[in-house]
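Enquirer:
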Amino acid sequence: MSEEKHTFQAEVAKLLDIVVHSLYSNTEIFLRELISNASDSCDRLRYAALTDGSLIESDNSEFSIHIAVDKEKRTLTISDNGIGMNKDELVENLGTIAKSGTSEFMKSLTGDETKDVSLIGQFGVGFYSSFMVAKKVEVFTRKAGETQGWQWTSDGRGSYRITESDDAGRGARIVLHLRKESDEYLESLRLKTVVKTYSDHIAIPVILDPIPGEEESTEETLNSASALWTRPKSEITEEQYTEFYHHVAQGFDEPWHTLHFRAEGAIEYTSLLYVPTNQPFDLFGPERKSKVKLYVNRVFIADDLEGLMPPYLRFVRGVVDSSDLPLNVSREMLQDNPQLKKIQKGLVGKLLKELKDRTKVTSEYETFWSAFGPVLKEGLYEDFERRDDLLDLCRFRSSASDEWRSLKDYVTDMKEGQDAIYYITGADTAALKKSPQLEGYVAKGVEVLLLTDSIDEFWVTSVGVFDKHPFRSAAQSAADLDSIAKSEDDETKKDEEDKANDTDIESLITRLKDALGESVKDVRTSNRLTESPVCLIGEDGGMSLHLERMLKQHGQGEGLASPRILEINPKHALITKLTGQSDDIVGETAHLLLDQARIVEGEALPDPVAFSHRLSQAMERGLL
Ligand code: ADP
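Residue numbers for the sequence shown follow the working numbering, beginning at 2 and rising by one.
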């Protein structure tokens, strides 16, 4: 019989290396992972058999997961009679990391053991966790509907072997040759505790086979095998909810929120949903798929069905079970099913209401918002119907406070004469707080929202208004600060300042424009600056400078160059002094000022050498 040797994909090899050499604590989770895979595999076969009944042989139709121990050979075997794998699937599933986002995750590993272990802890290692306790793993498997079985063998060090097997029943049998340190998993008591702790609510029975050599050892079902969501809330403990969360979300954190309810009326369904505490590792992957599992009458249908949960709630995990959906239609048809749309509406409504309730405890809500706010905000332009509910849930950093702020807070604290909600977009709040564009607003005590999520650029323009107040960029268009009541400090300060006369400024502006030519759209005076001499402003209605930079970073900004306006501060000493200088000096300084404004924006200079040359000359002039 031919045997094929394969090498693991580089990411898998790296993962295995960490699993084998660095993961010592909590080794018992391997059992949860293997039981979870076995249960998924039974679920998948049950679903496939809806359209092809012949996949399940009549004498092997009861799904179960068996655990068997051989103390002499020191093996622990976990077997299921689920869907199994053929050869290609073995290579694909147990030799590579096929899941989207996972390989990106692997790339993010640092090589620093402690950090990596904790990263992996959040992400879970699935099947590969068996190498925490086993020095060799064998998988005997036969795919439902096929006749040829396969054996996969590996010691977890770089490669694995695949060979044909006549000893593989339908499903998969995973034989772990335990390391010396892992003898505890040969003891029935230990196995019972682990299964009870981590897998009690797997809906398929987990059976411990009689252990040869152990007295009075009989076959025993270890888990309750009841679908947790079908049980009344009053009978379920917090621990049971958490245990089920760990199974269904494959998460290692605690659920931040658990929502268990039954909807009755036009359409009936039961749902057990969780909001995680931590961001799942693939939250920002390109697929944006929901991971909520759909069951019809306790038969698993899909865990990535579009239409069950909108993309902006893709961090929600859990189960929805309905008896009102047809069992035997294809997934594609189900996606467009009007009943499913009703379920989605019900789930979204309920979830947003629960989130709203939890805004009352600020510190707890902030944990949620920090993790999932950027995702939830996608709903602001994708779910028009829920826009107001979502705006209520949004929290922001702002120039006025170190606390998170709601839009209601903002509107309540608006200044007299202020109509708009001001915001500025950028990469981080600390840098934004220091933006020259904000100076005039801060001086007047006008709050500016600091928006740092990529998504902010998009929703803020599409939403347009909140509570009749328009959103307006503080870094774009003319600053309309004059109509806003000034604070007293501002008033006195202004009187003391000596301002260059208007004609001098007008003439300076003309000379600056001549010097800068095409590099700017316009040069004009500003009332938004108090400390800085200049700043760059995007054109009203144009693309923001921040968005332009983001697109360029992602290689999509080719040829983009929104017209920018250079605003000058007529009250700044540098500007007043400049009015009296020769055209040559004004010309050189114009370029320096523009480059300076670019640096403050965090932009690369088009000609750093010229900048450095001009700066040296200016310093020389200052020193001599
Ligand atoms: P995950 O379960 O998170 O996808 P794993 O590393 O645990 O990741 O497993 C990888 C894949 O291998 C699974 O997605 C599944 O396709 C396959 N697999 C694992 N165990 C089994 C099993 N007992 N029966 C059938 N397929 C399995």
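Yeah, the Cβ is synthetic: ideal placement off N, Cα and C, and Gly gets one too.
(1) Helix, strand or coil: which one does DSSP assign to I485?
(2) Inspect the beta-carbon positions of L356 and L394 and report whether they are closer than 8 angstroms.
(3) Identify, in the order they occur along the chain, each residue of the same chain with its Cβ nearer than 7 angstroms to the Cβ of K495, setting aside the five sequence neighbours on each side.
(4) Please state whether DSSP places V126 in a helix, a strand or coil.
(5) Using only CA atoms, which one of D481, H202, S400 and E379 lies nearest to L433?
(6) Kindly provide the ranges of any alpha helix (DSSP H) runs that are 4 or more residues long and lie completely inside the region 217-265, ordered along the chain.
(7) What does the alpha-carbon distance come out to for the pair I1 and L314?
(8) Looking at I203 and A169, is the spacing between their C-beta atoms short of 8 angstroms?
(9) Residues in the same chain with beta-carbon distance under 8 angstroms from G347, minus the five sequence neighbours each way, listed in chain order, please.
(10) In or out: S37 buried (at least 16 other Cβ within 10 Å) or exposed?
(11) Could you give the C-beta distance for V521 and I566, rounded to a whole number, given that I count them as a contact under 8 angstroms?
(12) When the Cα atoms are used, what is the spatial distance from G427 to E365?
(13) N94: beta carbon under 7 angstroms from a heavy atom of ligand 1?
(14) State the Cα-Cα distance for the pair D167 and S80, rounded to the nearest angstrom.
(15) Short of 6 angstroms in beta carbon distance, which residues of its chain neighbour Y246, apart from the five on each side in sequence? Order them along the chain.
(16) When the distance is taken between beta carbons, is V466 closer than 8 angstroms to L381?
(17) Just list the alpha helix (DSSP H) runs in the region 376-444, keeping only unbroken ones of 4 residues or longer that don't cross its boundaries, in chain order.
(18) Fully enclosed by the region 272-342, which beta strand (DSSP E) runs are 3 residues long or longer?
(19) In chain order, what residues of the same chain have a beta carbon less than 7 angstroms from the beta carbon of E497, not counting five sequence neighbours either side?
(20) Pairs of beta-carbons, one from the region 84-91 and one from the region 137-154, closer than 8 angstroms: are there three or more?
(21) How far does the alpha helix (DSSP H) with F459 in it reach, from first residue to last?
(22) Is the CB-CB distance between L192 and T76 below 8 angstroms?
(23) Taking the alpha-carbon positions, what's the E73 to A135 distance?
(24) For D496, does the three-state DSSP call read helix, strand or coil?
(25) Assign Q618 to buried or exposed, taking buried as 16 or more other Cβ atoms, counted over all protein chains shown, within 10 Å of its Cβ.
(26) How many angstroms separate the CA atom of S533 from the CA atom of I576?
(27) Buried or exposed: which applies to V376, given that a residue is buried once 16 or more other Cβ atoms fall within 10 Å of its Cβ?
(28) How would you write the range of the alpha helix (DSSP H) that P471 sits in, first residue to last?
(29) When you compare the CB positions of R174 and F141, do they come within less than 8 angstroms of one another, or not?
(30) Quickly, what does DSSP pair V70 with across the bridge? List them, please.
(31) Evaluate D283 with the Cβ neighbour count: other Cβ atoms within 10 Å of its Cβ, from every protein chain shown; 16 or more gives buried, anything less gives exposed.
(32) Checking the sheet assignment: what are the DSSP bridge partners for W151?
(33) Under 7 angstroms from any heavy atom of ligand 1, does the C-beta of Y296 make it?
(34) Please find out if some non-hydrogen atom of ligand 1 comes closer than 7 angstroms to the beta-carbon of G85.
(35) Can you have a look at V13 and say buried or exposed, based on whether 16 or more other CB atoms are within 10 angstroms of its CB?
Expert: According to the data block:
(1) What you label residue 485 is simply residue 484 of the sequence shown in a count that begins at 1. Of the three classes helix, strand and coil, the one that applies to I485 here is coil, per DSSP.
(2) Your numbering for residue 356 matches position 355 in the sequence shown. Your numbering for residue 394 matches position 393 in the sequence shown. Yes.
(3) The residue labelled residue 495 in the question sits at position 494 within the sequence shown. Residue confidence is low: K495 scores 49 on pLDDT, short of 50, so the model does not pin down where it sits. No coordinate-derived value is stated.
(4) The residue given as residue 126 occupies position 125 in the sequence shown. V126 falls in the coil class under three-state DSSP.
(5) As a position in the sequence shown, residue 433 is number 432, starting the count at 1. L433 has its Cα closest to that of S400, out of D481, H202, S400 and E379.
(6) 239-250
(7) The structure shown does not extend to residue 1, since the chain spans only 2 to 625, so no value can be given for it.
(8) As a first step, residue 169 is located in the sequence shown; it is residue number 168 there, counting from the start. As a first step, residue 203 is located in the sequence shown; it is residue number 202 there, counting from the start. Not in contact: A169 and I203 (Cβ atoms no closer than 8 angstroms).
(9) Residue numbering aside, residue 347 sits at position 346 when the sequence shown is read from its first letter. Taken in chain order, the residues that qualify are A264, I268 and Y270.
(10) The residue given as residue 37 occupies position 36 in the sequence shown. S37 should be labelled buried.
(11) The residue labelled residue 521 in the question sits at position 520 within the sequence shown. The residue labelled residue 566 in the question sits at position 565 within the sequence shown. Indeed, because the Cβ distance is near 7 angstroms, the residues count as touching under 8 angstroms.
(12) Indexing the sequence shown from 1 puts residue 427 at position 426. Indexing the sequence shown from 1 puts residue 365 at position 364. In a straight line, the C-alpha of G427 is about 26 angstroms away from that of E365.
(13) Taking the first residue of the sequence shown as position 1, residue 94 is located at position 93. N94: yes, Cβ under 7 angstroms from ligand 1.
(14) As a first step, residue 167 must be located in the sequence shown, where it is residue number 166. As a first step, residue 80 must be located in the sequence shown, where it is residue number 79. Using only the alpha carbons, I get a separation of about 16 angstroms.
(15) Translated into the one-based positions of the sequence shown, residue 246 becomes position 245. These residues qualify, in order along the chain: P256 and Y275.
(16) In the sequence shown, residue 381 corresponds to position 380, counting from 1. In the sequence shown, residue 466 corresponds to position 465, counting from 1. No. Outside cutoff.
(17) 380-383, 388-394, 408-413, 430-434 and 440-444
(18) 294-297, 300-303 and 318-323
(19) Stepping through the sequence shown from its first residue, residue 497 is reached at position 496. Legend: pLDDT at E497 = 46, less than 50; position of this residue unreliable, value from coordinates given subsequently. Closer than 7 angstroms at the Cβ level, and outside the excluded window around E497, lies no residue.
(20) yes
(21) Residue numbering aside, residue 459 sits at position 458 when the sequence shown is read from its first letter. Start and end: D457 to V464.
(22) Residue numbering aside, residue 192 sits at position 191 when the sequence shown is read from its first letter. Residue numbering aside, residue 76 sits at position 75 when the sequence shown is read from its first letter. No, these two residues do not count as a Cβ contact at 8 angstroms.
(23) Locating residue 73 in the sequence shown gives position 72, where the first residue counts as 1. Locating residue 135 in the sequence shown gives position 134, where the first residue counts as 1. Rounded to whole angstroms, E73 to A135 spans 15 angstroms at the Cα level.
(24) Counting from one through the sequence shown, the residue named residue 496 turns up at place 495. Residue confidence for D496 is low, a pLDDT of 46 falling below 50, so the modelled location carries little weight; the figure read from the coordinates is stated next. Helix.
(25) As a working mapping, residue 618 is identified with position 617 in the sequence shown. Q618 comes out exposed.
(26) Position 532 of the sequence shown holds residue 533. Position 575 of the sequence shown holds residue 576. Those two C-alpha atoms are separated by around 10 angstroms.
(27) Taking the sequence shown and counting its residues from 1, one reaches residue 376 at position 375. By the neighbour-count rule (16 or more Cβ atoms within 10 Å), V376 is buried.
(28) Here the question's residue 471 lines up with position 470 in the sequence shown. No alpha helix (DSSP H) contains P471, which is instead part of the beta strand (DSSP E) from H470 to S474.
(29) Here the question's residue 174 lines up with position 173 in the sequence shown. Here the question's residue 141 lines up with position 140 in the sequence shown. In this structure, F141 lies closer than 8 angstroms to R174 by Cβ.
(30) By one-based count along the sequence shown, residue 70 stands at place 69. DSSP output for V70 lists L77 as bridge partner(s).
(31) Within the sequence shown, the letter at position 282 stands for residue 283. Burial call: buried.
(32) Taking the sequence shown and counting its residues from 1, one reaches residue 151 at position 150. W151 is bridged to T142 and E165.
(33) Within the sequence shown, numbered from 1, the residue matching residue 296 stands at position 295. No, Cβ of Y296 sits at least 7 angstroms from all heavy atoms of ligand 1.
(34) Here residue 85 refers to the residue found at position 84 of the sequence shown. Result yes, Cβ under 7 angstroms from ligand 1.
(35) Translated into positions along the sequence shown, residue 13 becomes position 12. That one is buried.
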